[in-house]
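This report refers to the structure that appears directly beneath it.
There are 2 protein chains.
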Amino acid sequence: MRQAGRYLPEYRELRKKAGSFLDLCYTPDFAVEVTLQPLRRFPLDAAIIFSDILVIPHAMGQEVGFVEGKGPVLSPIRSEEELDALSSDGFTEHMDPVYRALRGVREELADDVALIGFAGAPWTIATYMIEGGSSRDYPNAKKWAITQPESFGRLISILENRIADHLIAQIEAGAQLVQIFDSWAGALPARFLTRYSVSPIARIASRVKAAAPDVPIIAFPRLSGPAYREFAALDSIDGISMDQSISPDWIRQEIQPLKTVQGNLDPAFLVAGDDGMERAARDILASLGKGPFIFNLGHGVVPQTPPEHVARLCEIVSEFGAAS
Amino acid sequence: MRQAGRYLPEYRELRKKAGSFLDLCYTPDFAVEVTLQPLRRFPLDAAIIFSDILVIPHAMGQEVGFVEGKGPVLSPIRSEEELDALSSDGFTEHMDPVYRALRGVREELADDVALIGFAGAPWTIATYMIEGGSSRDYPNAKKWAITQPESFGRLISILENRIADHLIAQIEAGAQLVQIFDSWAGALPARFLTRYSVSPIARIASRVKAAAPDVPIIAFPRLSGPAYREFAALDSIDGISMDQSISPDWIRQEIQPLKTVQGNLDPAFLVAGDDGMERAARDILASLGKGPFIFNLGHGVVPQTPPEHVARLCEIVSEFGAAS
């Protein structure tokens, strides 16, 4: 997760040349290069296309920017009327640079390295669209969901369609696995989780499966706690990505019998390195490595991460793989 | 949770007079008044003393301030040597205004309204002390915990002692129930949860129980997911407060057989009001109201909350109580 990014000096260098963060996402040459940077340093099993979950509202006509040190800033949508202004016209054309980047990466990747496409889930994207950026309590998104369930459902449904389209198009452009990130699933009140996270993800996954039956789909409903089990029960999902808060023992007992699991080293261990990282990684591998498992972090790589710690982590995981 | 606060015009009025947020906490007349404000409006079963979890590092000599719109700002502690500067001298004198406020509130409260004292848990307080305020990823606190477990353990242990002292002194001053808030428990990597959240809370609770066997203790390890069960298994804890992400059905099956549970309406329902709030509150009551249960929110009241919605929620809960 976030294997390309600010912790790599070559990324920071290219970022300067590219101008804005969105220019980086929408210029295929840049996006290809940034996607490949970590692969040149580390013997990773997969590359994840460099993009952002907010290309979806952007492609529908919402203003999206990225402010250094602050994160994404959107012109917030707060009313049903504003939903009418969201357009699916020209969606594919807008996204074309992303698909060209996927084709470019696939051409350069070794055959045994998988290419991963992704999208945000409807709830998580909706929070950014409604709050106008990151949020702590999501007051506007939640209020809309509670007080106007019909129009909120309409927004979720619009997003489902665009997300499914986007994932299918990424597969057509070379993605061999897709991930759906519901990063703020844990902020939903429990009574809304099925309606606004589990079911939308299930519908998106079913549409993607219908178009590409052989492409695995991983869902990451971050911080959803015991409710990870609801996602694991979905037929259309092949894998569940787990956050750092969930113990590997619980994952092995509750999720791994149903699905491939992915996770869940806290990115802080990658910042710390040394024995602490090694012990934490080995314990996760020991607990989950006997079942269907993809070693990964529980959240994205953070900018403070020394690249040599990533290299060491790759060695630890490879050694485990070779020995088992 | 946060029943006194910015959503009340009389609070905002008094806040202006008091000067800083800490002046409000440390001036007994103000703290008494602010604690009682919600009780004058709403027929609540309990009052929670108006204070802050950061009075503990402040009492140990760390600089603590509150910046409007930004939250707490502390001079961060990042090394073992800085731990030596933390002092327990004069702790009780520093906290005396808090204890005087508790006595003042107890005098004014009706006999059938309980007075609640509280403290933050060691991990949550440590994050503020080390990051110097709120944080998204807790990079410094986690790095310290990973790379220097001995000195991090020393900080946790210092905090345990001060927190236990503070809770016992609050009970001596009239608190009839105490809560321990581990608001960022969900950010801990799973492998650290027992060491830095469950065990410290257990040790604090045991000390408080030894001093005051009849005073109930509620723990709130927010967003700890399936691991809420670890806290529910603790002998020294009487109740578990649950966040909004956990379904009432799971709570009824997994936690309520072991402990009194408290929770877990999302504060967003209190912002929305009307039917949405009513249905959500009634569903929680229907699911949990037959076992040992304290109706509460899953997190603090937010400033956007219309006070009349709080009044309506009190009616809904009272009607349920009267009918059952």
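Residue numbers (the working numbering), protein chains in the order written: chain A, 1450 to 1773; chain B, 1450 to 1773. Beta carbons: idealized from backbone N, C-alpha and C, even for Gly. From a predicted model like this one, the values you see are computed outputs, not experimental measurements.
An exposed status is given to THR1541/B, since fewer than 16 other beta-carbon atoms sit within 10 Å of its beta-carbon.
Taking a Cβ-Cβ threshold of 9 Å, none of the residues of chain B is close to GLY1553/A; the smallest such distance is about 31 Å. In this structure, ILE1700/A keeps its C-beta atom at 9 Å or more from the C-beta atom of ILE1667/A. Excluding the 5 residues flanking it on each side, LEU1457/B has same chain C-beta neighbours closer than 8 Å at GLN1486, PRO1487, ARG1490, PRO1756, in chain order.
Taking 9 Å as the threshold, the shortest C-beta distance from GLU1599/A to chain B does not fall below it.
Contact annotation: the stretch 1707-1723 of chain B does not touch the stretch 1766-1773 of chain B, with fewer than three C-beta pairs closer than 8 Å. Among the residues of chain B, those whose CB is under 7 Å from the CB of LYS1592/A are ALA1717, VAL1720, ALA1721, following chain order. Rounded to whole angstroms, the Cβ separation of LEU1616/B and VAL1657/B is 5 Å, and the two are in contact under 8 Å. Sequence-distant Cβ neighbours of SER1536/A in its own chain, meaning closer than 8 Å and more than five residues away, are MET1509, GLY1510. Classified as exposed, GLU1462/A has fewer than 16 neighbouring CB atoms from the shown chains inside 10 Å of its CB. For ILE1743/B, no chain A residue has a Cβ inside 9 Å of its Cβ, as the nearest lies near 17 Å away. Taking a contact to require three or more Cβ pairs closer than 8 Å, the stretch 1672-1684 of chain B and the stretch 1734-1749 of chain B do not qualify as touching. Residues of chain B whose Cβ lies closer than 9 Å to the Cβ of SER1524/A do not exist, since the nearest Cβ in that chain is about 21 Å away. For the pair ILE1565/B and ALA1639/A, the CB atoms are not nearer than the 9 Å cut-off.
Of all alpha-carbon atoms in LEU1523/B, SER1606/B, LEU1532/B, the one lying nearest the alpha-carbon of SER1584/B is that of LEU1523/B. PRO1571/B is positioned such that its CB atom lies closer than 9 Å to that of GLU1609/B.
Using a Cβ-Cβ cut-off of 9 Å, HIS1758/A does not count as an interface residue toward chain B, since no Cβ of chain B sits closer than that to its own. Listed in chain order, the non-local C-beta contacts of ASP1586/B below 7 Å within the same chain number zero, local neighbours out to five positions each way being set aside. For LEU1762/B, no chain A residue has a Cβ inside 9 Å of its Cβ, as the nearest lies near 13 Å away. One finds nothing in chain B with a Cβ atom closer than 7 Å to the Cβ of GLY1738/A; even the nearest lies about 16 Å away. For ALA1659/B, the uninterrupted alpha helix (DSSP H) segment begins and ends at 1648-1660. Within its own chain, the residues whose Cβ lies closer than 8 Å to the Cβ of SER1500/B, once the five positions on either side in sequence are excluded, are CYS1474, ALA1480, VAL1547, ALA1550, PHE1567, listed in chain order.
Chain-order list of chain B residues neighbouring SER1673/A: GLY1674, SER1694, by C-beta distance under 9 Å. Taking a C-beta distance under 9 Å as the contact criterion, PRO1662/B and LEU1626/B do not qualify as a contact pair. At a cut-off of 9 Å between beta-carbon atoms, THR1596/B makes contact with chain A.
Between GLY1725/A and chain B, the shortest Cβ-Cβ separation is below 9 Å. The C-beta of GLU1703/A comes closer than 9 Å to at least one C-beta of chain B. With its beta carbon less than 9 Å from one in chain B, TRP1699/A belongs to the interface. Take HIS1507/A, set aside five residues on each side of it, and the residues of its chain with a beta-carbon closer than 8 Å to its own are LEU1471, VAL1513, HIS1543, in chain order.
Only buried fits PRO1649/A, as 16 or more other CB atoms lie within 10 angstroms of its CB. In its chain, beyond the 5 residues on either side, LEU1746, GLY1749 have a beta carbon closer than 6 Å to the beta carbon of MET1450/B. Against GLN1625/A, chain B offers no close residue; the least beta-carbon distance is about 30 Å (beta-carbon pairs closer than 7 Å).
Setting aside the 5 residues that flank it on each side, ILE1497/B is surrounded in the same chain by ILE1565, each with a C-beta closer than 6 Å to its C-beta; the list follows chain order.
Within chain B, PRO1588 have C-beta atoms less than 7 Å from the C-beta of GLN1753/A, given in sequence order.
Note that the C-beta distance between ASP1723/B and THR1596/A is below 9 Å.
The three-state secondary structure of SER1690/A, taken from DSSP, is strand.
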